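Here's the structure we're looking at; comments come further down.
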Amino acid sequence: MAAFLAHTEDAGAAIRFAGVHKWYGNFHVLRNINLTVGPGERIVVCGPSGSGKSTLIRCVNRLEKHQRGSIVVDGVELTDDIKRIDEVRREVGMVFQNFNLFPHLTILENCTLAPVWVRRMPKREAQELAGKLLGRVRILDQAHKYPGQLSGGQQQRAAIARALCMSPKIMLFDEPTSSLDPEMVKEVLDTMSDLAKEGMTMIVVTHEMGFARQVADRVVFMDMGEIVEVNAPSPFFDHPQHERTKLFLSQILR
Amino acid sequence: MDSLAYVRDAPESEDAPPMMSSGVLAWARVNLFSSIGSSLVTIGCITLVAYWLPQLIAWATTRAIWSATDGALCRQHQDGACWAFIAAKWDYLRFGSYPVAERWRVDLVEAVGALLIAWLLWTNAPRRMWGALLFFIVYPILALVLLRGSSLLGLPVVDTLLWGGIFVSLLTAVVGIVFSLPLGVLLALGRRSPLPVVRTASILFIEFVRGVPFITILFMANNLAPLFLPEAWAPDRLLRPLAGIVIFSAAYMAEEIRGGLQSLGKGQYEGAMALGLNYPLMTALVILPQALTLVIPGIVNNFIGLFMDTTLVSVVGITDFLEAMNNAIKDPVWAGPTIMVTGYVFAGIFYFCFCFGMARYSAHVERILAKGRK
Amino acid sequence: MDLASAKPSSWLSDQRARGLIYQILLIGCIAALACGAIYNAVVNMRARGIPMGFGFWNDVAGFDINLHLISYSNQSTYGRAFWVGLLNTLLVAAISIPLATLLGFVIGVARLSPNWLLSRLALVYTSIMRNTPLLLLLLFWYNVVLKSLPGPRQSISIGGAAFLNDRGLYLPLPVAREPASLFAGAVLAAIVLAFGFRAWARRRQDRTGAQAPTAVVAAALVLGLPALVTAAVGAPFTFDIARLSGFNFQGGLQIIPEMAALVFGLVTFTAAFIAEIVRAGVLAVPVGQSEAAGALGLHRDLSMKLVVIPQAMRLITPPLTSQFLNVVKNSSLAVFIGYPDLVQIFAGTVLNQTQAAVQVMAITMGVYLVISLVVALALNAFNARYALRGR
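So the sequence lines, in the order shown, correspond to chains A, B and C. FYI, in numbering that gives the first Met the number 0 the residues of the first sequence are 0 to 253. FYI, in numbering that gives the first Met the number 0 the residues of the second sequence are 0 to 373. FYI, in numbering that gives the first Met the number 0 the residues of the third sequence are 0 to 390.
What follows is the structure in structure tokens.
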């Protein structure tokens, strides 16, 4: 454990969890999390439901508060200080399982909202940026429609574009394909793969093991609030070492 | 990036949360004192409550007069409630001027009614269909005969002029619901009918009744009924406002039921039609039982609203509970500055307990139904 | 399958024919009932000497009304009394609706407050108000609170300018002086400038991204400009303060206790329902919306303004307009405390005196139906414009 910790004193880390604990009331949901994510690294977090994986990434942009330990994102430590939280949230983008697009705004307006009001970008510049990113996720033709008029896969790609419009350094994905019909999962995963190829630092919570194998630099397995095993994809899937890892993989891989 | 592999060797201990993040202190910190503004608000609220609450409680309990034979004691002690007044007037508030010797009839009707309603509303009760039949068909006739009296049965007739108080409030509300439910069902079905005449007629009726104040419906029933009916049919003075209440309640009931019908979804209709059921069978056996169960909370809410609306019948000369209280307050034997306040506060407590209790029940049923529907 | 076997066995079981028959039967029943009712009505009205027709409209009313926005005396016609009543109803509604909405939003926000004590106190308020009959509230306000005020000679004086007694609340009546038109001009100019500033700030934000504090500037303009004008050319109003002469007050603006009781009752009652509507509307916006806004870096205030409130307002508006209509309908309870509204004057006094029940009730109900219809149409237009678009 100590050797592992020593290695993680890497100063250029994008995200560093050190001794992080979190409780919901009396329920100990995150137990002594220690993890370092380097810049440009792609991490996939997997595990059974209730293992705390969503809670883990939601702590990164302070949607959840941790009670013990420290989380440092891009050099900024997350505390109750609102200024720091805002700083972190500007540099960290998040994509949700339920998309959470704003239904009263068009797709374009969804994308330009934060650049205009948070980064104080002029409207034209924001619209150009949004247009470029919507084109990259291949839904530029839907820009003037409302979220309710798009399919699930299109909505999730729009949500990815919306997060990218803030030019984040780190992208968090909380089970991005779990709410999608099977035929739309691929288009979203492809978009995420393209993003990964461009060198974006990503943490992805997902059950899509094919994606993990192809894209991840490391796979983190969590169970009951603790990190059980971490490894590169090939050794992780082909030669799992911990008993619980083997059990989990046998249940989800056929 | 070189891979940082890790395999857990020993499980983490499950610790207790740090002191400041759970327990009473933590709860207070988050819920009462989370910021400067919040703390100020908390202090402000506590001061307000600390000032008024003891006064209210003292007025109602320690400083109140609990027994007396007339208003003298209450006039002397004007800083407390005069509950003795309520105790003295309690029979009048319950029965109005109903003859004392016949009051057992009112009690019987109320008891049977309460039993039947409990049977119907207890969600796991056996044979609720029987309860429904009894309540909606047999009970109204029984109640009417018992209350009014009939020389045939040896029960002295009691003119509706003498009826008053709580039992009249309950009677008007219960009659209102009992008769407005079938009428509401017809209107709701009519409003969804594909036949244009039926649909238009239903819509016109519902929107007309919902668009005007309840008082005007009462006036209409009271003043226009004698004109539109033949001389010989002159309807009883209680029957006219009752008709108005039924019409009023039916329109709102129809909208509740329509909501239930809509939320059933096409699947139920299509399933029934695929089995070969015709419209009456499908409606009676498949659609209505489900829709009505869905809107039980809404129906109970309607009942609560109706019970409060029955206070308006005094405008056409019916002595409901509130009017009985108004009459009781005017008694010169009890005259005093605290009588009116005591009377109104008691009436308020009565209505609040009744309505709040029913609202709680309705929320309870909604929770049970929501679970079943998951 | 040939055409012959496709025909229904008899025309009676053809769905369309049946539908037609049902409808004809229904029309027939309704027509029969209507004819019977009208026939009875004519016979009964003739027999009792009740006027049929609207001639009574121009007869002399012969009764006084203690609150009339247009000129009225007991020599005015019944028709005039109708207009007085209608205006009084609209007056009470016009005062009660904004106040109830304001109070309702305040209590609704209190209900949503993270401060446990505040939200519970607001809950106590809404629970009590929603489970108490409005009539009881009105009687309480009128008989207990207002009637227990002292007589005119022992009035409670508020700063020597306003007086409270059992005849009513006497407020200073603003009387316009010379600078009044300048003052009005200043207010108007301030409003136009505020809008202009907002439009300019918007355009500047689109162009350069810079933000400007429009709310603060608008408030400063609307408050400051008229104040400057007043300082320069003098006060635009003097106030006619009520004076005690004999047993009563003269002058000033008198608010009769009946109206005060009705307004207090309607406002406190309706605010509880509006508070619940506001709370339900805000809670119905999924929590993911504010999370997504936060994740994008939007501060809590911006997230409220740009994401949560626009969605909540769409959910709040239909039940809110329903409550507005309820205020108008509930104002008819004026008949219990003697406030001269439409029902009290027209369906009360006028109906009693003329006995023209059918005509009077038809006109009265017609008025309320028209109001309901107008509000419903306005709401439809609003929904068509602002409803969230789906596939």
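The beta carbon of each residue, even a glycine, is placed where N, CA and C say it ideally should be. Model, not experiment: these values are computed from the prediction.
Query: Excluding sequence positions up to five away, which residues of its chain have a Cβ less than 6 Å from the Cβ of S95 (chain C)?; Result: V262, L265, V266, V326
Query: Under 9 Å, Cβ to Cβ, is there at least one residue of chain B near P115 (chain C)?; Result: The displayed chain sequence assigns Trp, not Pro, to residue 115 (chain C). It does; some Cβ of chain B falls within 9 Å.
Query: Looking at chain A, is there any beta carbon in it that lies within less than 9 Å of the beta carbon of R190 (chain B)?; Result: no
Query: Give the residues from the region 274 to 306 of chain C that approach chain A closer than 7 Å (Cβ to any Cβ), ordered along the chain.; Result: G287, Q288, E290, A291, G293, A294, L295, G296, L297, H298, L301, L305, V306
Query: Along chain B, which residues have their Cβ under 8 Å away from the Cβ of P318 (chain C)?; Result: Neighbours of P318 (chain C) on chain B: none; closest Cβ ~13 Å, over 8 Å.
Query: Quick one: does A157 (chain A) have its CB under 9 Å from some CB of chain C?; Result: no
Query: So with Cβ pairs under 9 Å, would you call Y145 (chain A) a contact of chain C?; Result: yes
Query: V6 (chain B) CB to nearest chain A CB: under 9 Å?; Result: yes
Query: For I295 (chain B) and Q289 (chain B), I'd like the C-alpha separation in whole angstroms.; Result: 10 Å
Query: Looking at the strands, I want to know which residues DSSP matches up with K21 (chain A).; Result: A:L29
Query: Enumerate in chain order the residues of its own chain whose CB-to-CB distance from L149 (chain A) is below 8 Å, with the five nearest sequence positions on each side excluded.; Result: I106, I138, Q141, A157
Query: What are the residues of the region 13 to 43 of chain A that lie near chain C, defined by any Cβ-Cβ distance shorter than 7 Å?; Result: none
Query: Reducing DSSP to helix, strand and coil, say where T131 (chain C) ends up.; Result: coil
Query: Determine contact between the region 373 to 382 of chain C and the region 292 to 300 of chain C, defined as no fewer than three beta-carbon pairs at a distance below 8 Å.; Result: no
Query: Reducing DSSP to helix, strand and coil, say where E207 (chain A) ends up.; Result: coil
Query: In three-state DSSP terms, what is I202 (chain A)?; Result: strand
Query: Which of helix, strand or coil does DSSP assign to D1 (chain B)?; Result: Caution is warranted here: a pLDDT of 37 is assigned to D1 (chain B), below 50, making its placement in the model unreliable, and no coordinate value can be reported.
Query: Check the Cβ of V91 (chain A) against every Cβ in chain B and list those closer than 9 Å, keeping chain order.; Result: Those do not exist, as V91 (chain A) stays about 19 Å from chain B at its closest Cβ, beyond 9 Å.
Query: Using the rule of at least 16 other Cβ atoms within 10 Å of the residue's Cβ for burial, across every protein chain shown, is Q24 (chain C) buried or exposed?; Result: For clarity, residue 24 (chain C) is Leu in the given sequence; the question names Gln instead. By the neighbour-count rule (16 or more Cβ atoms within 10 Å), L24 (chain C) is not buried but exposed.
Query: Ignore the nearest five residues each way along the sequence and tell me which others in M0 (chain C)'s own chain have a CB closer than 6 Å to its CB.; Result: At M0 (chain C) the pLDDT is 47, less than 50, meaning the model places this residue with poor confidence; the figure from the coordinates comes in the next sentence. If we look at M0 (chain C) and ignore the five residues flanking it on each side, it has no Cβ neighbours.
Query: Suppose the cutoff is 7 Å on Cβ atoms and the five residues either side in sequence are ignored; what does the same chain contact list for A179 (chain C) look like?; Result: P235, F236
Query: Pull up the CB-CB distance for I317 (chain B) and L226 (chain B), whole angstroms please, since I reckon it's below 8 Å.; Result: Actually they do not touch by this definition, with Cβ atoms about 20 Å apart.
Query: By how many angstroms is the C-alpha of K245 (chain A) removed from the C-alpha of Q66 (chain A)?; Result: 31 Å
Query: Helix, strand or coil: how does DSSP classify S233 (chain A) here?; Result: helix
Query: From D73 (chain A) to T320 (chain C), what does the alpha carbon distance come to, in whole angstroms?; Result: 50 Å
Query: Under a CB-based cut-off of 9 Å, is P234 (chain A) close to chain B?; Result: yes
Query: Measuring CB atoms only, is the region 277 to 292 of chain C touching the region 89 to 108 of chain A, in the sense that at least three cross pairs come out at less than 8 Å?; Result: yes
Query: Establish whether the CB of F247 (chain B) and some CB of chain C are separated by less than 9 Å.; Result: no
Query: Short of 6 Å in beta carbon distance, which residues of its chain neighbour N109 (chain A), apart from the five on each side in sequence? Order them along the chain.; Result: L100, F101, R161
Query: Considering just the uninterrupted stretch of the alpha helix (DSSP H) at Y169 (chain C), what are its terminal residues?; Result: Unbroken run through Y169 (chain C) is the beta strand (DSSP E), 167 to 170; no alpha helix (DSSP H).
Query: Strictly under 9 Å for the Cβ-Cβ distance: is Q249 (chain C) near chain E by that measure?; Result: This model lacks chain E altogether; the protein chains it does include are A, B and C.
Query: For chain B, check one thing: does any of its Cβ atoms lie closer than 9 Å to the Cβ of E225 (chain A)?; Result: yes
Query: Quick one: what's got a C-beta closer than 8 Å to R197 (chain C)'s C-beta in the same chain, skipping five residues either side?; Result: T213, A217
Query: Using the Cα positions of T100 (chain C) and A292 (chain C), report the straight-line distance between them to the nearest angstrom.; Result: 28 Å
Query: Just the chain B side, please: which residues come within less than 9 Å of V342 (chain C) by C-beta, in chain order?; Result: P212, I214, T215, F218
Query: Closest Cβ-Cβ distance between L120 (chain C) and chain B: below 9 Å?; Result: yes
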